[in-house]
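Its first residue numbered 188, the sequence shown is counted upward by one per residue in the numbering used here. Glycine residues also receive a C-beta, built at the ideal position from the N, C-alpha and C atoms.
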Amino acid sequence: MRIASIVLAAVFAAPAWAQESGPPAAAEVPPPPPIIEGDEVEPEVTIIKRGEDKVEEYRVNGRLYMIKVTPPHGVPYYLVDRKGEGQLERMDTLEPGTSVPMWVLKRW
């Protein structure tokens with residue numbers, strides 16, 4: 188019985204002895220890639236006053252994708268190009284149900 192308990196203890200202790208003595212060395216994190224000149228990250232916003240309305244046009248790479256119209260009295264509304272075809276659709280809010288931005292990665 189004594190030999191069986193020693194063998195059993197050795198069997199259960201063997202995985203602990205087989206482990207390395209410490210945590211693995213942390214790999215060095217590479218630096219972030221440099222920002223390429225000419226890549227526009229933020230949209231270009233043009234603010235125009237039409238009568239009493241304030242119109243904000245949002246463009247990326249020269250393409251108009253959203254217009255925000257703020258009347259002097261009332262709630263602002265949005266005209267959004269959801270598919271990128273140049274057809275603007277009216278929206279009262281930019282909340283859930285808004286289309287996710289579809290960025291163009293490459294264009295041939």
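The closest CA to that of K241, considering only E224, Y264, A196, is found on Y264.
Contact annotation, V262 with L275: C-beta distance approximately 18 Å; criterion of less than 8 Å not satisfied.
Look at L275 here: in three-state DSSP terms it is coil, with no helix or strand label.
Looking at the DSSP output, R250 shares a beta bridge with V247.
When the Cα atoms are used, P259 and M253 turn out to be separated by approximately 20 Å. Annotation for R237: the continuous beta strand (DSSP E) segment containing it runs 231-237. Collapsing the DSSP output to three states places V242 in a strand.
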